[in-house]
Amino acid sequence: MTPYQSDDFDDESWLAQEGLEPLGDEHFMRQALQLARTASEQDEVPVGAIVVLGNKIIAGAYNQREQLADPTAHAEMIAITQAASHLNSWRLLDCTLYVTLEPCPMCAGAILQSRIPRVVFGAVDPKAGAVVSLYQILSDSRLNHRCETLGNVLAPECGRVLTEFFDRKRKLGKK
Ligand SMILES: [Zn+2]
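Residue numbers (my numbering): 38 to 212.
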């Protein structure tokens, strides 16, 4: 969504007057962060993802690899499946995927398969990231689809959820 820009129109005050919050990338990343926190509470590596279509959240999920005993149960994979089922289409046209951690190669592949045009992520993943870190799958011109990406949105918060989770795990392991 392109925010309305005009000199004589202050959309922030208009939104406040209407009792609405500005729905920017940070707003939606906060929703994904909430899901990451839920994952952490359930002893899952805390990554959350949501799919937004026209300011509406149509899917939201968190990593459930342990609970589902499924190596493909990453937050993005579940959210993409939910969104496709919501739209009754495998093409997630006009959607934006928000995810708290840079997608891995599997999820980047699923993002291309679903034709999502825009991906916004939080923290970068130097060990497994396939958007900017290890690979640049979403912008590889040899593939038949590319998508717009924006990283580092609320990155400190998104990263902190993960480091706190692993710190806690390490401490428990030492007991
Ligand atoms: Zn993944």
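By construction, the Cβ of each residue, glycine as well, lies at the ideal position given by its N, Cα and C atoms.
Considering only 164, 70, 115, 80, the residue with the shortest C-alpha distance to residue 137 is 70. Cβ atoms of residue 170 and residue 162 come within 8 Å of each other, at about 6 Å. Rounded to whole angstroms, the gap between the alpha carbons of residue 112 and residue 85 is 5 Å.
Around ligand 1, the residues whose beta-carbon falls short of 7 Å from at least one of its heavy atoms are 111, 113, 114, 140, 141, 143, 144, given in chain order.
For residue 83 and residue 108, the gap between their C-alpha atoms comes out near 15 Å.
Sequence-distant Cβ neighbours of residue 80 in its own chain, meaning closer than 8 Å and more than five residues away, are 103. Taking residue 92 as reference, the option from 145, 153, 60 with the minimal CA-CA separation is 60. In its chain, beyond the 5 residues on either side, 88, 95, 96, 97, 98 have a beta carbon closer than 8 Å to the beta carbon of residue 119. Under the DSSP assignment, residue 186 falls in the beta strand (DSSP E) whose first and last residues are 185-187. Taking a contact as a CB-CB distance under 8 Å, the pair residue 141 and residue 165 counts as one, their CB atoms being some 5 Å apart.
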